[in-house]
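Student:
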Amino acid sequence: MPDSARLTVRYCGLADYEPTWRAMLDFTASRNAETIDELWVCEHPSVYTLGQAGKPEHRLAENGIPLVRIDRGGQITYHGPGQVVVYLLLDLARRGLKVRELVNRIEQALIDLLAEHGVGARRLDGAPGVYVELAGTVAKIGALGLRVKKNGCYHGVSLNVDMNLSPYAAINPCGYAGMAVTQTRDLGIALTPAQAAEALVSHLTQQLELA
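The sequence shown lines up with residues 1 to 211 when you count with this note's numbering.
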């Protein structure tokens, strides 16, 4: 296996957001040419995160859920139990990937996963993530945000699986007012978060092996 394809997957369970983010920063700062790329798979206790250029007004109401300002791109999003999160800690130069291509591959992994279960999903121009048709509208089911420092990528992708969606009502998801949000359970996909995590890792790995 070429070094560029080597990948370590770590299943971290339910992990507090801020220590996980700090660990990503430390990993990226200390990596070198021999550092093996990693995927970190987890769920988070309820938290909102706001990207570095995010607008605080996209939080519409206070509901006791903490907000963490972070260094990824994008606006505000929500993480909570029952949502699968995969962080991609990758050397983009070694893999020959540009950020836009990586975003496309992450989105394709989600699209392919949903297609396996008979759900058609797609991208929206100018709005990173993956969307499905739901009751005559477009609903977001997967979100992503990345940051790159010295060719080291971190942050990643989330997939709503079996969670309480009500906290999304207190924000403009990813900065889009009125954006509907859904999850695999409500689309008739009988996957637990653990099963969905394994499936998403498989599809992400396939996409990364194309590099």
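C-beta atoms are modelled at their ideal positions from N, C-alpha and C, and glycine is treated no differently.
Can you confirm whether the region 118 to 128 touches the region 80 to 89 when touching is taken to mean that 3 or more C-beta pairs between the two stretches lie within less than 8 Å?
Tutor: no
Student: Which word fits R10, buried or exposed, when buried means at least 16 other C-beta atoms lie within 10 angstroms of its C-beta?
Tutor: Indexing the sequence shown from 1 puts residue 10 at position 10. Per the 10 Å Cβ criterion, exposed.
Student: Please list, in chain order, all residues of the same chain as W40 whose beta carbon is under 6 Å from its beta carbon, the five residues on each side excluded.
Tutor: As a position in the sequence shown, residue 40 is number 40, starting the count at 1. Here the set comprises R10, C12 and Y87.
Student: So, with DSSP's three-state summary, where would you put H58?
Tutor: The sequence position of residue 58 within the sequence shown is 58, counting from 1. DSSP places H58 in helix when its eight states are reduced to three.
Student: Between Y48 and I76, how many whole angstroms is the CB-CB distance? I'm expecting something under 8 Å.
Tutor: Walking along the sequence shown from the start, residue 48 turns up at place 48. Walking along the sequence shown from the start, residue 76 turns up at place 76. The pair is a contact, with the Cβ atoms about 6 Å apart (cut-off 8 Å).
Student: Measuring alpha carbon to alpha carbon, tell me which of A109, A194, C174 and A5 ends up nearest G74.
Tutor: Within the sequence shown, the letter at position 74 stands for residue 74. Checking every option, the nearest Cα to that of G74 belongs to C174.
Student: Hey, V85 and C42: beta-carbon distance below 8 Å or not?
Tutor: Against the sequence shown, residue 85 aligns to sequence position 85. Against the sequence shown, residue 42 aligns to sequence position 42. Yes, these two residues count as a Cβ contact at 8 Å.
Student: Could you tell me the alpha carbon to alpha carbon distance between E107 and G136, rounded to whole angstroms?
Tutor: As a working mapping, residue 107 is identified with position 107 in the sequence shown. As a working mapping, residue 136 is identified with position 136 in the sequence shown. Computed Cα separation, rounded: 22 Å.
Student: Could you give the distance in angstroms between the alpha-carbon of R94 and the alpha-carbon of N172?
Tutor: Residue numbering aside, residue 94 sits at position 94 when the sequence shown is read from its first letter. Residue numbering aside, residue 172 sits at position 172 when the sequence shown is read from its first letter. Rounded to whole angstroms, R94 to N172 spans 36 Å at the Cα level.
Student: If distances are taken between C-alpha atoms only, which option among N32, P167 and R72 comes closest to G51?
Tutor: One-based indexing of the sequence shown puts residue 51 at position 51. Nearest C-alpha to G51: R72.
Student: Alpha carbon to alpha carbon, what distance is there between D37 and M24?
Tutor: Locating residue 24 in the sequence shown gives position 24, where the first residue counts as 1. Locating residue 37 in the sequence shown gives position 37, where the first residue counts as 1. Rounded to the nearest angstrom, the two C-alpha atoms are 12 Å apart.
Student: Please go through the same chain and pick out, in chain order, the residues whose beta-carbon is closer than 7 Å to the beta-carbon of V148, but skip the five residues on each side of it.
Tutor: Within the sequence shown, the letter at position 148 stands for residue 148. Excluding positions up to five away in sequence, the list reads L92 and V99.
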